[in-house]
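K.L.:
Below is the structure I would like to discuss, written out as structure tokens.
Number of protein chains: 2
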Amino acid sequence: MRLTRYFLPTMKDTPSEAQIVSHRLMLRAGMVRQASAGIYSWLPMGYKVLRKIEQVVREEQDRMGCQEVLMPTIQSADLWRKSGRYDAYGPEMLRIRDRHDRDMLYGPTNEEQITEIFQAEVHSYRALPKLMYHIQWKFRDEVRPRFGVMRGREFLMKDAYSFDLDYEKAAESYRKFFVCYLRTFARLGLKAIPMEADTGPIGGNLSHEFIILADTGESAVFCHRDFVEADASGLKVDYEDPQAVKKVVDYYTSLYARTDEKHDASLFESEVPEDKRVERRGIEVGHIFYFGTKYSEPLGASIATPEGEESFVHMGSYGIGVSRLVGAIIEASHDENGIIWPESIAPYKVGLINLRAGDEACTKACDEIYAKLNEAGVEVLYDDRDERPGAKFADMDLIGLPWQLVVGPRGLEKGVVELKSRATGEKEEVSLESALSRLGA
Amino acid sequence: MRLTRYFLPTMKDTPSEAQIVSHRLMLRAGMVRQASAGIYSWLPMGYKVLRKIEQVVREEQDRMGCQEVLMPTIQSADLWRKSGRYDAYGPEMLRIRDRHDRDMLYGPTNEEQITEIFQAEVHSYRALPKLMYHIQWKFRDEVRPRFGVMRGREFLMKDAYSFDLDYEKAAESYRKFFVCYLRTFARLGLKAIPMEADTGPIGGNLSHEFIILADTGESAVFCHRDFVEADASGLKVDYEDPQAVKKVVDYYTSLYARTDEKHDASLFESEVPEDKRVERRGIEVGHIFYFGTKYSEPLGASIATPEGEESFVHMGSYGIGVSRLVGAIIEASHDENGIIWPESIAPYKVGLINLRAGDEACTKACDEIYAKLNEAGVEVLYDDRDERPGAKFADMDLIGLPWQLVVGPRGLEKGVVELKSRATGEKEEVSLESALSRLGA
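This is how it looks when you write it as structure tokens:
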């Protein structure tokens, strides 16, 4: 993409309405614009990142055998009356009356809807387990939306649901999602630590939040250092083998890891040696939860058991805040100059800077590099604007592409270009051929 | 995908609520379920098709240089008050009041929103043209929703917007979309004919509906036979060359083609020789429209011209009904046994039928074929259920995958399998190797 054609409205000044760094950087980098309080329009570069994150989430759901569906945003209030949540939900639910005066709502989540779909079609234990997910926009009418896409009102979420015969089978599904989430966040370049979370009136230990560490995080977190150092990238597990899956979960639940909500200081001190105690701040990016027959009972989702009896299915739900992740990743990965994208979700891999757009040799070289990278399928954003080098460097650092390839007249005379890693700041003068081959072209 | 694991609730009986064939088939093939009046949940196979159509639409928008954004579903009423459409829109607009008593609405379209984004960021003719699209769910509160996804309340639409300096430049953008739509529908296996449409108070001739022929279509259409026979598949045009683009548009606007709304019987008879007159029914799947400064004026979207003056941008909008296309394609492509998917958007390319799931040799052969097709990246749905052959054939015809590969014990003894084309019904006994190679494995 050529910058002269791209719709990338970057800003030099820090917008006053943004309180946290990810919000500031997303506005400055031209990724989003606020449409109304807590509701954002995604501009081309922001949407590109959002879609890449969505795709990683999707691939990992598919890999574990979860099937993608799409439920609508607008739901019938009657469905929520069956579960008792229509009255219980409070003012965060966006309630709507349609032209025929029927009560509707903009879904904040989908337990009722997926349970209704399941109960109409599945009647035997033979069809179980069933794991289904969708990636859909939700609405929660926050009283004071803030922090940009981290706590907006309209937000994109992946929510998955499991249906199983009994608690034991439900726990197996739960553990698959646990492992799937470790893989997903690792692929997104994040270190996400599973932490015990509240299970509510159901009890048990099948509720975990996945938390990434960031100084600006909303919660205080306390955990064993081994979890901070553990690396789930490259984790390979056969999802068809419940024992292999359980082994991973057992390790990641063997040490202390809790947010302030569940923190127990004396337990922390007795379980974790002093030099292994980590106290930091964190951001929730995922939540998995077993809730038994809470929805299957009121919605009548029962199945025939192997013994020929009728039994309510055991369910769990599994969420990842997809649009929130864009902000969370920036919170975890930036410096004073801007965003530092992990390569897996960077909007473009390479930023090509033409230092002197008016110079014929420079422009010719850049055009050729641009064509070669495109041909090789390497995503490249080409700054072909007639701007000062300083402004180009600043914009490129701001938007945070992993690699910058700088082409200037002096370098060209020597036959070299500059290759800069955004993450490390390291710059190297290399031949054009070597730069291209290192970038995969 | 193995059918024993898939969530594909097919139905033998015709659902009574469905009046048209695409609605009946989508329900029977387990593609969608109604959530509430005119609002659908997309089950795995239906959603797979929807996403494939969406991806073709996206690729063709990208190819013409249109940039993808995503605007939210919930919009502020104030924005629509500026254009005057908040009061004008009528009861089809889903109006919402949030917890702070602010008037909001579920967007039925996005002219106001995109114009607001544009006017805040673009101030010079140098940045023009700007072409932007998004693929987002819309809501129109139809008084009597019907025909399944063909006329639902919550529906997925691609809407694009062009911003240009003046009428001449806007017409160039308009013509790019015209060609882009020809390519898009051809890739979807559709014959879509551009027909003159109403331009409203603006006048001129820059408004076309793209209509596919189907006996169940909502409108009567009248056109020159050459357009019915014209084939836009493989159409290659350099979008950077306005003359090449114009040439295509000139051809497709040179002959008579109108829906009943614009039909002029005497003109039809005088312009079209009798043997070339085609009268059929059609379904609208796209609409492109130039509307000048209708929104840029009230929303203050002006730019500096080359002469240093301020001028309101000239705009157009360009819609494709993405979820509607799923139904429209079925209307255009089915028989008495079920759906016949064009290969480009079929949920799976191959349906693999194990005629005797209890037979060891059959199952072994099928498992191997399944593995080979998957390895080669050929999408395959494997009917591994323990069901009668008749039920398997009926389901496979119903869901309409392009190829059926039938493996039975008698064939295996002779070393052959049966390959059936869903579109032609032709069956061939071929060796396993030859079947695999013809399917691309």
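So the protein lines, in turn, are chains S and B.
Residue numbering for the first sequence follows the numbering used here, beginning at 1192 and increasing consecutively.
Residue numbering for the second sequence follows the numbering used here, beginning at 1192 and increasing consecutively.
Backbone N, C-alpha and C define an ideal beta-carbon position, used for all residues, glycine too.
1) Are the Cβ atoms of residue 1403 of chain S and residue 1381 of chain S separated by less than 8 angstroms?
2) Quick check: residue 1244 of chain S and residue 1379 of chain S, are their CB atoms within less than 8 angstroms of each other?
3) Does DSSP put residue 1600 of chain B in a helix, in a strand, or in coil?
4) Along the chain, where does the beta strand (DSSP E) containing residue 1473 of chain B start, and where does it finish?
5) How many whole angstroms separate the CB atoms of residue 1472 of chain S and residue 1406 of chain S, which I take to be in contact at a CB cut-off of 8 angstroms?
6) How many angstroms separate the CA atom of residue 1278 of chain S from the CA atom of residue 1578 of chain B?
7) What whole-angstrom Cβ distance do residue 1564 of chain B and residue 1542 of chain B have, given they're in contact under 8 angstroms?
8) At 9 angstroms on the CB atoms, spell out the chain S contacts of residue 1282 of chain B, in chain order.
9) What is the rounded straight-line gap between the Cα of residue 1423 of chain S and the Cα of residue 1373 of chain S?
10) Across the segment 1499-1510 of chain S and the segment 1200-1209 of chain S, are there enough close Cβ pairs to call them in contact, namely three or more that are closer than 8 angstroms?
11) Pull out every residue of the segment 1322-1347 of chain S whose Cβ sits closer than 7 angstroms to any Cβ of chain B, in chain order.
12) Tell me which residues share the same chain as residue 1266 of chain B and place their Cβ nearer than 7 angstroms to its Cβ, disregarding the 5 neighbours each side in the sequence.
13) Going by C-alpha to C-alpha distance, which of B:1610, B:1585 and B:1551 sits closest to residue 1597 of chain B?
14) On the DSSP bridge assignment, give the partners of residue 1386 of chain S in chain order.
15) Residue 1312 of chain B touches chain S at which residues, Cβ-Cβ below 7 angstroms?
16) Is the beta carbon of residue 1528 of chain S sitting closer than 8 angstroms to the one on residue 1575 of chain S?
17) Tell me whether the beta-carbon of residue 1419 of chain S lies closer than 8 angstroms to the beta-carbon of residue 1370 of chain S.
18) Could you round the C-beta distance between residue 1511 of chain B and residue 1348 of chain B to whole angstroms and report it? I think they count as a contact, below 8 angstroms.
19) Considering only the alpha carbon of each residue, which of S:1480, S:1411 and S:1225 lies closest to residue 1358 of chain S?
20) Residues of chain S with CB under 7 angstroms from residue 1719 of chain B, in chain order?
21) Quick one: which chain S residues come within Cβ less than 7 angstroms of residue 1233 of chain B?
22) Count the other CB atoms, across all protein chains shown, that sit within 10 Å of the CB of residue 1601 of chain S; report buried if there are 16 or more and exposed otherwise.
23) Comparing C-alpha positions only, which one of S:1485, S:1425, S:1322 and S:1229 sits nearest to residue 1255 of chain S?
24) Please classify residue 1377 of chain S: is it buried, with 16 or more other beta-carbons within 10 angstroms of its beta-carbon, or exposed?
25) Check whether the Cβ of residue 1404 of chain S lies closer than 8 angstroms to any Cβ atom in chain B.
26) Return no unless some Cβ of chain B is closer than 8 angstroms to the Cβ of residue 1630 of chain S.
27) Would you say the segment 1428-1443 of chain S touches the segment 1325-1340 of chain S, given that touching needs at least three Cβ pairs under 8 angstroms?
28) With a threshold of 8 angstroms between beta carbons, is residue 1252 of chain S in contact with chain C?
29) Do you know how far the Cα of residue 1219 of chain S is from the Cα of residue 1618 of chain S?
30) Run through chain B and tell me which residues come within less than 7 angstroms of residue 1230 of chain S, C-beta to C-beta.
31) For residue 1483 of chain B, which option in B:1306, B:1213, B:1280 and B:1449 has the closest C-alpha, if you only look at C-alpha atoms?
32) For residue 1260 of chain S and residue 1562 of chain B, I'd like the C-alpha separation in whole angstroms.
33) Taking 8 angstroms as the threshold (C-beta atoms), are residue 1522 of chain B and residue 1213 of chain B in contact?
34) Can you name the residues of chain B whose CB is closer than 7 angstroms to the CB of residue 1238 of chain S?
35) Going by Cα to Cα distance, which pick from B:1540, B:1589 and B:1549 is closest to residue 1629 of chain B?
36) Taking all protein chains shown into account, do 16 or more other C-beta atoms lie within 10 angstroms of the C-beta of residue 1336 of chain B, making it buried, or fewer, making it exposed?
P.N.:
Here's the rundown:
1) yes
2) yes
3) helix
4) 1468-1483
5) 6 angstroms
6) 45 angstroms
7) Wrong, their Cβ atoms sit about 11 angstroms apart, outside the cutoff.
8) 1290
9) 6 angstroms
10) no
11) 1323, 1328, 1330, 1332, 1334 and 1345
12) 1295, 1296, 1298 and 1304
13) B:1610
14) S:1400
15) 1200
16) no
17) no
18) 7 angstroms
19) S:1480
20) Because chain B is modelled from 1192 through 1632, residue 1719 of chain B falls outside the range shown and cannot be assessed.
21) 1260 and 1261
22) exposed
23) S:1322
24) buried
25) no
26) no
27) no
28) In the structure shown, chain C does not exist; the protein chains are S and B.
29) 25 angstroms
30) 1263 and 1265
31) B:1306
32) 25 angstroms
33) yes
34) 1259, 1260 and 1261
35) B:1540
36) buried
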